[in-house]
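Residue numbers (the numbering used here), protein chains in the order written: chain A, 1137 to 1248; chain B, 62 to 176.
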């Protein structure tokens, strides 16, 4: 059974600081997704990582994928309050048009 | 707006009621999904449809009955639900995986409360 684990599950940090969210998954996958969810809202796609060593950056967020270690990281640089949200990583359940198995999410609060 | 719409956005129903959730995507995708998000569990995949055919049922109780009449529409029929079924139900769509970018786009969700 595929398991996706995120840590930390809760993170409170100050503006201007850097931090990293980790996502481990239990079975082989060459794809990994990061989503953001604001309170009461749906999921917004942040990054699609498609290969080992993939790195993508958007503003203050940078995501990477190590398929050999079955690990992805989401790095936050010089955090700002607007980045407060819950962040999810997800891995496909299998090949083809598959659903995703999500981690529990990291609830991120950035204090001004 | 992601191109995936869901109605209703909020629904309150009794345990003996029958109701349906509707999802429509305007992205030309061929795969559609139902997910459940509750306070007590991580986001859970419920059903997957690919070209109108159900390809995955994640051990969902029979009181949830999906229907996919075409690639643009997906329904979730609800009957004799339990209070623990109260959750946010999210619909998503995507193109089938072809080795290129493959991304699921989520609708705004239906907040369901079972009384």
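A virtual CB, placed ideally from N, CA and C, is assigned to each residue, including glycine.
Chain-ordered chain B contacts of residue i [CB-CB under 8 Å]
i              : result
residue 1162/A : Per Cβ cutoff of 8 Å: no residues; residue 1162/A is ~14 Å from chain B at best.
residue 1229/A : 106, 117
residue 1241/A : 103, 104
Residues that residue i contacts on chain B, provided the C-beta gap is smaller than 7 Å
i              : result
residue 1238/A : 103, 104
8 Å Cβ cutoff met for residue i and residue j
i              : j              : result
residue 1217/A : residue 1248/A : yes
residue 99/B   : residue 148/B  : yes
residue 1239/A : residue 1140/A : yes
residue 170/B  : residue 1178/A : yes
residue 173/B  : residue 104/B  : no
Interface residues of chain A facing residue i [CB-CB closer than 9 Å]
i             : result
residue 150/B : Result: empty, since nearest Cβ-Cβ is about 11 Å, beyond 9 Å.
Whole-angstrom distance between residue j and residue i, CA atom to CA atom
i              : j              : result
residue 1210/A : residue 1181/A : 13 Å
residue 75/B   : residue 166/B  : 30 Å
residue 81/B   : residue 136/B  : 7 Å
residue 111/B  : residue 1234/A : 9 Å
residue 1242/A : residue 1144/A : 6 Å
residue 1223/A : residue 95/B   : 20 Å
residue 1190/A : residue 1161/A : 16 Å
residue 127/B  : residue 1154/A : 44 Å
residue 133/B  : residue 1152/A : 44 Å
residue 88/B   : residue 157/B  : 13 Å
residue 8/B    : residue 121/B  : There is no way to answer for residue 8/B, as the model of chain B reaches only from 62 to 176.
residue 1208/A : residue 1194/A : 16 Å
residue 138/B  : residue 150/B  : 12 Å
residue 176/B  : residue 101/B  : 18 Å
residue 131/B  : residue 1215/A : 43 Å
residue 1150/A : residue 1199/A : 20 Å
residue 1201/A : residue 1158/A : 10 Å
Of the listed residues the options, nearest to residue i (C-alpha basis)
i              : options                        : result
residue 1184/A : 1158/A, 1222/A, 1167/A, 1155/A : 1167/A
residue 1196/A : 1189/A, 1207/A, 1246/A, 1213/A : 1213/A
residue 1236/A : 107/B, 73/B, 63/B              : 107/B
residue 1192/A : 1228/A, 1170/A, 1204/A         : 1170/A
residue 124/B  : 90/B, 163/B, 140/B, 151/B      : 140/B
residue 70/B   : 93/B, 78/B, 83/B               : 83/B
residue 1226/A : 1164/A, 1220/A, 1150/A         : 1164/A
residue 86/B   : 116/B, 151/B, 168/B            : 168/B
residue 1137/A : 1228/A, 1245/A, 1246/A         : 1228/A
residue 93/B   : 68/B, 163/B, 144/B, 113/B      : 113/B
Proximal chain A residues relative to residue i, where beta-carbon distance stays under 7 Å
i             : result
residue 167/B : 1178, 1179
residue 164/B : 1181, 1184
residue 170/B : 1178
Coarse secondary structure for residue i, derived from DSSP in three states
i              : result
residue 130/B  : strand
residue 1202/A : strand
residue 1210/A : strand
residue 1228/A : strand
residue 71/B   : strand
residue 1219/A : helix
residue 145/B  : helix
residue 154/B  : strand
Neighbouring residues, chain B, relative to residue i (Cβ below 9 Å)
i              : result
residue 1224/A : 103, 104
heavy atom of the ligand GTP below 7 Å from residue i C-beta
i            : result
residue 71/B : Although the ligand GTP was asked about, the structure shown includes no ligands whatsoever.
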